[in-house]
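> Following the UniProt record's numbering, the residues of the sequence shown are numbered contiguously, the last one being 368.
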Amino acid sequence: MASVVKRGNTWQYRVSYKDSEGNYRTKSKGGFLKKKEAILAASEIEKIINFGQDLSIGDMLFATYFQQWFEVYKQGKKGLANDYHYKLAIKFAEKYFPATTLKNLNKAAYQSAINKFAENHTKATVQKRHTYMKACLTAAQQEGIIQKNPAWGIQVFGKVETKKEEEKFISEEELKEITSYISDRKRSLSHYLILIGIATGARFSELTGLTWDCVKEESIIINKSWDNTFKKDFSDTKNKSSNRIITIDKETNRLFKEIKLLLPNVPNEKNLVFLNPKKGTPISNNAVNKVLKHACLQVGIDAPITFHALRHTHGSLLLYKGVNIKYISKRLGHSDISTTLQIYSHVLNELEQKESSVVDEVISSLLS
């Protein structure tokens, strides 16, 4: 039951209710300039109570609520990697809001914490912490525990510069030099994995999770990946669109046949294509990147790239050759075409400039 009284020049409401344990409690708030405003605010509180929401939850520490919410609603629902990022966000809350209750967390304090964290982290890392905390706070708002979401409208940035997208690619000429160098020195599975990566644009985890039953004459089937961080076993692909069939040419098919000859009598319980025979698991990212770094230095690429850059280069090369971006998006297994447009925006801008010149020439020839 709500009561509204005047305190000096402002109005205050007081709502009496029973908490989840049957104890009587009161919720009050003042400072309203008009009686009508106090009545409306009190009615909102009564609605929350009538829906069965315990108002005392708002008095919990934000970090404590975040931990409990994660355990009930998110843990184990989308894989170990997702859990890992939630746990990092919870640690963020524990560090930057050690004594802040859920109901007292405001936008200014939240933005200040994000700003502080951004001083020594990339924008991508800051965005991840914000995204996972925002999910929790949005749920709290939807349940009526908090009236306003302090995570809405937050500005995210990073002081540590990340590589620009164009720096994650190499030119067609450089790609040819790396391909030629490694093709002439194929001695290990790392060499073959690099060549298959160049030919398919597949993610490293997708190729290390590739099994022989998914290698066909004219294609490979991507339907799983290898989780080398948490499970040390097969895992789901990055998203639903990542489950796909990638066409391969005769030369790429020949590479797979050569791989089979490398380890003819080695036990392979998981039927892995890129098997480390000593461990019974796929070859490591570090081993492949070490080989790739050496190849880059040998052909004169001063800033060595990682395996993931081969995937980006595969996509950019197809774009430059006029391949439809929708096809490229599906081949790379992006969640949607907007991801492809974002990653290859600098390539598209360059192509747009070239096409603009072509249009100018066409129109000029018509009018001359």
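No residue lacks a Cβ here, since even glycine has one placed at the ideal position from N, Cα and C.
Can you tell me the Cα-Cα spacing of His-312 and Asn-149, whole angstroms?
In the sequence shown, residue 312 corresponds to position 312, counting from 1. In the sequence shown, residue 149 corresponds to position 149, counting from 1. Cα to Cα, His-312 sits roughly 37 Å from Asn-149.
> Apart from the five residues just before and just after Ala-309, which ones in its own chain have a Cβ nearer than 6 Å to its Cβ?
Sequence index remark: in the sequence shown, residue 309 carries index 309 (1-based). Hits under 6 Å: Lys-168.
> Give me the Cα-Cα distance between Asn-271 and Thr-200, rounded to the nearest whole angstrom.
What you label residue 271 is simply residue 271 of the sequence shown in a count that begins at 1. What you label residue 200 is simply residue 200 of the sequence shown in a count that begins at 1. C-alpha separation (whole angstroms): 20 Å.
> Report all residues from its chain with a CB closer than 6 Å to the CB of Phe-230; omit the five preceding and five following residues, and keep chain order.
By one-based count along the sequence shown, residue 230 stands at place 230. Around Phe-230: Leu-80.
> Who are the near neighbours of Gln-111 in its chain, counting only those whose CB is closer than 6 Å to its CB and skipping five residues on each side?
As a working mapping, residue 111 is identified with position 111 in the sequence shown. So the qualifying residues of the chain are Ile-154.
> What's the gap between the Cα of Gln-298 and the Cα of Lys-107?
Within the sequence shown, numbered from 1, the residue matching residue 298 stands at position 298. Within the sequence shown, numbered from 1, the residue matching residue 107 stands at position 107. Each residue's alpha carbon lies about 52 Å from the other.
> Considering only C-alpha positions, which residue in the set Asp-236, Ala-42, Tyr-73 is nearest to Ser-3?
One-based indexing of the sequence shown puts residue 3 at position 3. Ranking the options by Cα distance to Ser-3, first place goes to Ala-42.
> Helix, strand or coil: which one does DSSP assign to Ala-2?
In the sequence shown, the residue the question calls residue 2 occupies position 2. Residue state, collapsed to three classes: strand.
> Classify Val-15 as helix, strand or coil using the three-state DSSP reduction.
Position 15 of the sequence shown holds residue 15. If DSSP states are grouped into helix, strand and coil, Val-15 belongs with the strands.
> Residue 392 bridges to which residues according to DSSP?
Given that the chain is displayed from residue 1 to residue 368, the structure contains no residue 392 and the question cannot be resolved.
> Comparing alpha-carbon positions, which option in Ile-328, Ser-235, Ile-194, Gly-315 lies nearest Glu-172?
Taking the first residue of the sequence shown as 1, we reach residue 172 at position 172. Minimum Cα distance to Glu-172 is reached at Gly-315.
> Compare the Cα-Cα distances from His-346 to each of Leu-319, Val-359, Ala-140, Asp-360 and report the closest residue.
For the purposes of this step, residue 346 is taken as residue 346 along the sequence shown, with counting starting at 1. Checked all of Leu-319, Val-359, Ala-140, Asp-360; the closest Cα to His-346 is Leu-319.
> For a minimum of 3 consecutive residues, which ranges assigned as the beta strand (DSSP E) are wholly contained in the stretch 57-130?
Those beta strand (DSSP E) runs which fall completely within the stretch 57-130 and span 3+ residues do not exist here.
> List the endpoints of the continuous beta strand (DSSP E) containing Ile-220.
To locate residue 220, count along the sequence shown from 1; it is residue 220. Here the beta strand (DSSP E) through Ile-220 covers 219-222.
> Taking the DSSP output, what are the residues bridged to Leu-275?
Along the sequence shown, read from residue 1 onward, the residue named residue 275 stands at position 275. BP columns for Leu-275 point to Pro-282.
> Rounded to whole angstroms, what's the CA-CA distance from Lys-74 to Glu-352? Just pull it up for me.
For the purposes of this step, residue 74 is taken as residue 74 along the sequence shown, with counting starting at 1. For the purposes of this step, residue 352 is taken as residue 352 along the sequence shown, with counting starting at 1. The alpha-carbon atoms of Lys-74 and Glu-352 are separated by roughly 43 Å.
> For the beta strand (DSSP E) that contains Arg-244, what are its first and last residues?
The count along the sequence shown starts at 1 and reaches residue 244 at position 244. Where Arg-244 is concerned, the enclosing beta strand (DSSP E) stretches over 244-247.
> Out of Thr-237, Val-5, Ile-220, Asp-336, point me to the one whose CA is closest to Trp-226's CA.
Numbered from 1 along the sequence shown, position 226 holds the residue referred to as residue 226. Nearest option by C-alpha distance: Thr-237.
> Asp-213: which of Ala-295, Asn-223, Leu-88 sits nearest, CA to CA?
As a first step, residue 213 is located in the sequence shown; it is residue number 213 there, counting from the start. Looking at the Cα atoms, Asn-223 is the closest of the given residues.
> Give every residue of the same chain whose Cβ lies closer than 7 Å to the Cβ of residue 369, excluding the five residues on either side of it in the sequence, and list them in chain order.
The first residue shown for the chain is 1 and the last is 368, placing residue 369 beyond what the model contains.
> Please name the residue in Gly-31, Glu-361, Ala-287 whose C-alpha comes closest to that of residue 419.
For the chain, the structure presents residues 1 to 368; residue 419 sits outside this window and is missing.
> With contact counted as at least three CB pairs below 8 Å, one residue from each stretch, are the stretch 267-282 and the stretch 202-222 in contact?
Touching, per the Cβ criterion.
> If you run the structure through DSSP and keep just helix, strand and coil, what is Lys-216?
For the purposes of this step, residue 216 is identified with residue 216 of the sequence shown, where counting begins at 1. The answer is coil: DSSP assigns Lys-216 none of H, G, I, E or B.
> Can you check whether the CB of Ile-146 is closer than 8 Å to the CB of Gly-58?
In the sequence shown, residue 58 corresponds to position 58, counting from 1. In the sequence shown, residue 146 corresponds to position 146, counting from 1. It is a contact, given that the beta carbons lie within the stated cut-off.
> Note down, in chain order, each residue of its chain lying with its Cβ closer than 8 Å to the Cβ of Asn-82, except the 5 sequence neighbours on either side.
For the purposes of this step, residue 82 is taken as residue 82 along the sequence shown, with counting starting at 1. Only Lys-74 meet the Cβ criterion.
> Ends of the beta strand (DSSP E) at Lys-29?
In the sequence shown, residue 29 corresponds to position 29, counting from 1. Counting along the chain, the beta strand (DSSP E) containing Lys-29 begins and ends at 24-32.
> Hey, residue 439 and Pro-282: beta-carbon distance below 8 Å or not?
Residue 439 lies beyond the range of the chain shown here (1 to 368); nothing can be said about it.
> Measuring straight from C-alpha to C-alpha, what distance separates Ala-135 and Glu-119?
On the sequence shown, position 135 is the one that residue 135 refers to. On the sequence shown, position 119 is the one that residue 119 refers to. Approximately 23 Å between the Cα atoms of the pair.
> Alpha carbons only, please: which of Thr-26, Thr-125, Val-126, Ala-63 is nearest the one belonging to Phe-97?
Translated into the one-based positions of the sequence shown, residue 97 becomes position 97. Selected option, being the one with the closest Cα: Ala-63.
> Taking 8 Å as the limit between beta carbons, can you name the residues of its chain near Asn-253, skipping five residues before and five after?
As a first step, residue 253 must be located in the sequence shown, where it is residue number 253. Contacts found: Glu-217, Glu-218.
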